[in-house]
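Which chain is which? The protein sequence lines are A and B, in order.
Position 71 (the first sequence) corresponds to 71 in this note's numbering; numbering is contiguous.
All you need for this note's numbering is the position in the second sequence, starting with 1, plus 250.
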Amino acid sequence: MITIKNLHATINGKEILKGLNLTVNAGEIHAIMGPNGAGKSTLASVLAGREDYEVTEGTVDFDGTDLLEMDTEDRAREGLFLAFQYPVEIPGVSNINFLRTAINEIREYKGKEAMSAKEFMAMVREKSALVELDPKLASRSVNEGFSGGEKKRNEIFQMAMLEPKLSILDETDSGLDIDALRIVANGVNTLKSDKNATIIITHYQRLLDHIIPDFVHVLYDGKIVKTGPKELALELEEKGYDWIKEEMAL
Amino acid sequence: MKIAMLEGLAPTSILLDEKELNSAQETLATNQLPTTRMEAWKYTRVAKLGKTKYVLSEDDTVSSIDTYKISSSATTFVFVNGHFSEELSSDEIPEGVSISPLSACMEGEIDSTNLVLEGELFNALNTAFLTDGILIDVDAKTTLEQPIQILHILKGEASLSNFKTIIHAGDFSKAEIIQGFFAEDADKAFANVTSEIRIGQNAFLTINKVQYEAENTSHISTEQVDQGKDSTFTINTITLNGGLVRNNLNIAVIGENCTTNLNGAYLLKGKQHIDNHTVVDHKVPNCNSNELYKGVIDESATAVFNGKVFVRKDAQKINAFQSNGNVLMSDNASVNSKPELEIYADDVKCSHGSTTGQLDEEAVFYLRARGLSEKSARKLMVSAFIGDVLDKIENEDVLNFTHKLLKDRFAWDFE
Ligand SMILES: Nc1ncnc2c1ncn2[C@@H]1O[C@H](COP(=O)(O)OP(=O)(O)OP(=O)(O)O)[C@@H](O)[C@H]1O
Ligand SMILES: [Mg+2]
């Protein structure tokens with residue numbers, strides 16, 4: 001699905017990603033953990049096409065296309081989805097209005113017919129139920145006045161609406177209470193298929209109790225420095241990252 | 251002093267008050283065009299108006315008004331270059347209101363003594379060379395079911411229209427006036443417009459004003475409004491085209507318990523320049539005024555907002571709210587925004603604010619990351635921004651017409 005090779009990226013001349021390699025196949029769930037400032041969100045932003053970052057080296061192949069050559073919207077239209085660590089509030093822009101525009105622009109891009117209002121509303125009902133998002137929130141301004149947890153749920157709602165191939169969830173679990181965590185996990189698990197894949201960026205093992213990853217990676221200082229099975233997450237939570245630093249020094 | 255643009259213009263034949271005419275002549279004889287050294291004209295250059303050789307065009311008809319009709323149900327009066335077009339206007343006038351072009355008024359019928367002429371060159375020009383205008387007199391205790399629509403079309407090269415609207419809203423009356431200003435093959439034309447509006451006790455008057463002239467036309471208008479007690483006055487000014495546009499809105503709140511709503515939306519591109527100057531003068535206690543102006547300025551266009559609120563001594567218990575927001579869509583776009591409060595009473599609630607910025611790029615990125623094109627993302631954000639003002643327009647026809655113009659001019663479809 002996605003193959004990242006030797007990715008280097010800078011912001012304001014400062015190198016953040018320093019030769020990152022990662023391959024994710026369809027049907028897989030990958031967790032990325034790592035200390036604050038390691039570059040996890042940077043990776044997510046670079047993949048989504050944020051223009052503040054400059055890719056200085058490396059390649060990213062997304063299902064046979066050169067991801068780095070595409071505009072942000074085309075990446076989304078090709079099936080890349082990023083659940084933001086800090087979802088922005090957009091006063092005056094209604095959640096479902098913009099989603100409808102998004103879905104229809106994606107359909108147009110793929111040469112498909114626009115979705116009817118009826119079909120769309122049925123989908124809104126189905127998907128908001130899936131993530132137990134109050135339908136009133138679905139029609140309000142994007143994230144405006146939402147609580148932290150509501151914002152995260154709204155991200156998963158949008159993911160459910162857009163049915164992406166590859167979802168990157170950047171700390172979607174932070175700020176969620178236990179119930180919300182279960183709901184979000186349930187959403188991700190329900191949407192999981194052998195045709196899509198998920199990258200979960202997290203600091204906590206608890207989300208991974210609900211969403212079982214196939215691989216856990218440690219991102220440290222701009223690189224993936226260790227990859228292991230789901231048990232690695234437990235070990236990281238218990239022992240922190242110092243032992244990895246020591247391992248690396250060897 | 252002689253002003254070049256006045257040469258060869260024939261004085262008005264409208265039967266205005268003799269004293270008014272004399273005072274207009276006096277102003278024209280003793281004043282020059284405003285310069286940017288004058289505080290009120292600091293950011294708006296009108297020198298080029300003085301250099302244009304205007305003609306009082308006799309061309310008084312257009313082939314169709316279909317594209318200019320803002321409301322299809324309104325009683326419509328059409329003026330081309332300021333001249334009344336009987337054939338394009340409605341022939342039936344609803345009950346409870348008398349409406350007449352000024353050219354059909356007898357001596358003494360036109361009560362136009364509200365306008366400040368002293369030192370106000372454009373008002374004086376309007377008076378001394380008045381082309382025509384309209385007098386609307388809404389009877390007391392009358393509610394007009396349909397709006398009255400005044401369409402003004404500038405046409406031809408260097409045409410000058412001096413146009414005047416007089417509105418008397420009788421006590422306990424309720425009415426809506428739609429004003430549309432358009433241009434048709436109008437090169438360097440100039441609409442110089444005045445309005446004198448008197449709102450009676452407990453009357454409701456709403457004006458929806460849509461300005462959609464051309465990129466090389468000029469438009470200067472002054473609305474002089476007197477609000478009687480317990481009245482509600484609302485004016486929504488939507489400016490979407492016009493090379494140089496200056497709107498002076500002077501509201502004198504002279505009766506207690508009044509509500510005044512001033513809303514404005516302006517979207518500019520090219521080299522357009524739009525200047526909204528508003529004054530709300532709270533002379534008496536217990537009144538509310540709300541002012542919301544928002545602008546989106548693209549390319550090398552410039553906007554000016556100057557909003558003054560006076561709260562006079564003894565005008566206690568005034569709530570005055572004023573806000574101006576601007577979004578700059580390009581590096582060359584600019585805005586000068588100056589909200590001003592002058593308060594001489596102590597028991598008042600007043601607030602004002604002004605913001606100017608770019609669109610939130612984080613939000614644009616967020617929307618694009620969901621699959622929206624950059625253009626759609628910006629469009630959505632602009633529409634959300636300006637939507638606050640458009641939401642104030644209650645008349646669906648005016649709103650739909652505005653959306654259509656936005657689509658025509660900016661290819662923005664806000665549905
Ligand atoms: N505009 C910027 N200019 C300079 N440095 C920046 C800029 N933006 C981010 N950085 C730096 O990039 C590094 C990586 O940040 P990033 O947000 O990717 O970390 P992270 O792994 O997601 O951390 P966290 O766990 O706290 O979310 C940090 O050291 C951060 O300070
Ligand atoms: Mg992060």
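By construction, the Cβ of each residue, glycine as well, lies at the ideal position given by its N, Cα and C atoms.
Bear in mind that the values here come from a model prediction, so they are computed numbers and not experimental data.
In the stretch 150–181 of chain A, which residues sit with their C-beta less than 8 Å from some C-beta in chain B, listed in chain order? So the close ones are Gln158, Leu162.
Does glycine 92/A have its Cβ less than 8 Å from a Cβ in chain E? No chain E is part of this structure, whose protein chains are labelled A and B.
Would you list, in sequence order, the uninterrupted beta strand (DSSP E) runs of no fewer than 3 residues that lie entirely inside the stretch 159–247 of chain A? Counting only runs of 3+ residues, the beta strand (DSSP E) found wholly inside the stretch 159–247 of chain A occupies 166–170, 197–201, 215–220, 223–228, in chain order.
Residues of chain A with CB under 8 Å from tyrosine 616/B, in chain order? Sequence index remark: in the second sequence, residue 616/B carries index 366 (1-based). What tyrosine 616/B touches in chain A: Phe84, Pro87, Val88, Ile90, Val142.
Relative to the alpha-carbon of isoleucine 485/B, which residue among Lys479/B, Gln429/B, Gln522/B has its alpha-carbon at the smallest distance? Here residue 485/B refers to the residue found at position 235 when the second sequence is read from its first residue. Cα-wise, what sits closest to isoleucine 485/B is Gln429/B.
Should asparagine 170/A be counted as a contact of ligand 2 given a C-beta to heavy atom distance under 7 Å? Within the first sequence, residue 170/A is the residue found at index 170, counting from 1. Checking the displayed sequence, the identity of residue 170/A turns out to be aspartate instead of asparagine. Yes; taking the cut-off as 7 Å, the Cβ of aspartate 170/A has a heavy atom of ligand 2 nearer than that.
Cutoff 8 Å: arginine 100/A Cβ touching any chain B Cβ: Locating residue 100/A in the first sequence gives position 100, counting from the first residue. Residue-level contact check: arginine 100/A does not touch chain B, since none of the beta carbons of chain B fall below 8 Å from its beta carbon.
Any chance the CB of lysine 151/A is under 7 Å from a heavy atom of ligand 2? Mapped onto the first sequence, residue 151/A falls at position 151. No; taking the cut-off as 7 Å, the Cβ of lysine 151/A has no heavy atom of ligand 2 nearer than that.
Hey, glutamine 566/B and valine 614/B: beta-carbon distance below 8 Å or not? The residue you call residue 566/B lines up with position 316 of the second sequence. The residue you call residue 614/B lines up with position 364 of the second sequence. In this structure, valine 614/B does not lie closer than 8 Å to glutamine 566/B by Cβ.
What is the DSSP secondary structure of arginine 140/A, reduced to helix, strand or coil? Counted from its first residue, the first sequence places residue 140/A at position 140. Secondary structure at arginine 140/A: coil, using DSSP grouped into helix, strand and coil.
Checking contacts by CB at 8 Å: is glutamate 671/B closer than that to chain A? It is not possible to answer for residue 671/B, since the shown part of chain B is limited to 251 through 665.
If you measure between the beta carbons of tyrosine 220/A and alanine 38/A, is that distance less than 8 Å? One-based indexing of the first sequence puts residue 220/A at position 220. One-based indexing of the first sequence puts residue 38/A at position 38. Yes; because the gap between Cβ atoms is below 8 Å, this pair is in contact.
Would you mind telling me which residues of chain B sit closer than 7 Å to alanine 48/A, beta carbon to beta carbon, in chain order? As a working mapping, residue 48/A is identified with position 48 in the first sequence. Residues of chain B with a Cβ closer than 7 Å to the Cβ of alanine 48/A are, in chain order, Ala619.
Is the stretch 354–366 of chain B touching the stretch 318–330 of chain B in the sense that three or more CB pairs, one from each, lie closer than 8 Å? Contact annotation: the stretch 318–330 of chain B does not touch the stretch 354–366 of chain B, with fewer than three C-beta pairs closer than 8 Å.
On a CA-only basis, which of Met33/A, Glu15/A, Gly34/A is nearest valine 46/A? Give me that one, please. Here residue 46/A corresponds to residue number 46 of the first sequence, with the count starting at 1. It is Glu15/A.
Taking one C-beta from the stretch 454–464 of chain B and one from the stretch 412–430 of chain B each time, how about it: are there three or more such pairs within less than 8 Å? Yes: at least three Cβ pairs fall under 8 Å.
Can you name, in chain order, every residue of its own chain whose Cβ lies under 8 Å from the Cβ of glutamate 700/B, other than the five neighbours on each side? In the structure displayed, chain B extends from 251 to 665; residue 700/B sits before or after that span and is not available.
Please state whether the Cβ-Cβ distance between threonine 652/B and isoleucine 488/B is less than 8 Å. On the second sequence, position 402 is the one that residue 652/B refers to. On the second sequence, position 238 is the one that residue 488/B refers to. Taking 8 Å as the cut-off, the beta carbon of threonine 652/B is found closer than this to the beta carbon of isoleucine 488/B.
Taking valine 296/B as the reference, which of Asp658/B, His523/B, Asn645/B has the closest Cα? As a first step, residue 296/B must be located in the second sequence, where it is residue number 46. Of Asp658/B, His523/B, Asn645/B, the smallest CA-CA separation from valine 296/B is found for His523/B.
Give me whichever residues DSSP pairs with valine 347/B in a beta bridge. Residue 347/B sits at position 97 when you count from the first residue of the second sequence. Val388/B, per the DSSP bridge assignment.
Within its chain, find whatever has a CB closer than 6 Å to the CB of histidine 418/B; leave out the 5 residues flanking it on each side and keep chain order. On the second sequence, position 168 is the one that residue 418/B refers to. Excluding positions up to five away in sequence, the list reads Asp387, Arg448.
With respect to 7 Å, is the separation between the Cβ of lysine 40/A and the closest non-hydrogen atom of ligand 2 below this value? As a working mapping, residue 40/A is identified with position 40 in the first sequence. Result yes, Cβ under 7 Å from ligand 2.
Enumerate in chain order the residues of its own chain whose CB-to-CB distance from serine 167/A is below 6 Å, with the five nearest sequence positions on each side excluded. Against the first sequence, residue 167/A aligns to sequence position 167. Within the same chain, serine 167/A has close Cβ partners Phe81, Met159, Thr198.
With DSSP as the reference, please indicate the residues paired to proline 589/B in a beta bridge. Taking the second sequence and counting its residues from 1, one reaches residue 589/B at position 339. According to DSSP, which records beta bridges pairwise, proline 589/B is partnered with Gly557/B.
State yes or no: is the beta carbon of glutamine 282/B nearer than 8 Å to at least one beta carbon in chain A? Residue numbering aside, residue 282/B sits at position 32 when the second sequence is read from its first letter. Contacts with chain A at 8 Å (Cβ-Cβ) do not include glutamine 282/B.
Determine whether the Cβ of glycine 514/B lies closer than 8 Å to any Cβ atom of chain A. By 1-based counting over the second sequence, the position of residue 514/B is 264. By this cut-off, glycine 514/B is not an interface position.
In or out: serine 263/B buried (at least 16 other Cβ within 10 Å) or exposed? Looking up residue 263/B in the second sequence gives position 13. In the assembly as shown, serine 263/B is an exposed residue. Its beta-carbon has fewer than 16 other beta-carbons within 10 Å.
So if DSSP puts alanine 31/A in a beta bridge, which residue, or which two residues, is it bridged to? Position 31 of the first sequence, counted from the first residue, corresponds to residue 31/A. For alanine 31/A, which the question treats as bridged, DSSP gives the partners Ile200/A, Val216/A.
Using a Cβ-Cβ distance under 8 Å, would threonine 42/A count as near chain B? As a working note, residue 42/A is residue 42 in the first sequence. It does not; no Cβ of chain B falls within 8 Å.
On the DSSP letters alone, give me the boundaries of the alpha helix (DSSP H) that lysine 654/B sits inside. Locating residue 654/B in the second sequence gives position 404, where the first residue counts as 1. DSSP places lysine 654/B inside the alpha helix (DSSP H), whose first and last residues are 646–660.
C-beta atoms of glutamate 105/A and leucine 609/B nearer than 8 Å: Locating residue 105/A in the first sequence gives position 105, counting from the first residue. Locating residue 609/B in the second sequence gives position 359, counting from the first residue. Cβ atoms of glutamate 105/A and leucine 609/B: not closer than 8 Å.
Chain B contact residues for threonine 264/A, given Cβ-Cβ distances below 7 Å: Examination of residue 264/A is not possible in this model, given that chain A is present from 1 through 250 alone.
Quick check on isoleucine 178/A: buried or exposed, where buried means 16 or more other Cβ atoms within 10 Å of its Cβ? Here residue 178/A corresponds to residue number 178 of the first sequence, with the count starting at 1. Result: exposed.
Around the Cβ of isoleucine 400/B, are there at least 16 other Cβ atoms within 10 angstroms (buried) or fewer (exposed)? Sequence index remark: in the second sequence, residue 400/B carries index 150 (1-based). Buried, since its Cβ has 16 or more Cβ neighbours within 10 Å.
Where the beta strand (DSSP E) containing glycine 575/B begins and where it ends: As a first step, residue 575/B is located in the second sequence; it is residue number 325 there, counting from the start. DSSP places glycine 575/B inside the beta strand (DSSP E), whose first and last residues are 568–578.
Leaving out five residues on either side along the sequence, give the residues of the same chain with a beta carbon under 8 Å from the beta carbon of aspartate 421/B. Counting from 1 along the second sequence, the entry for residue 421/B is found at position 171. These residues qualify, in order along the chain: Ala390, Lys391, Gly450, Gln451, Asn452, Ala453, Gly478.
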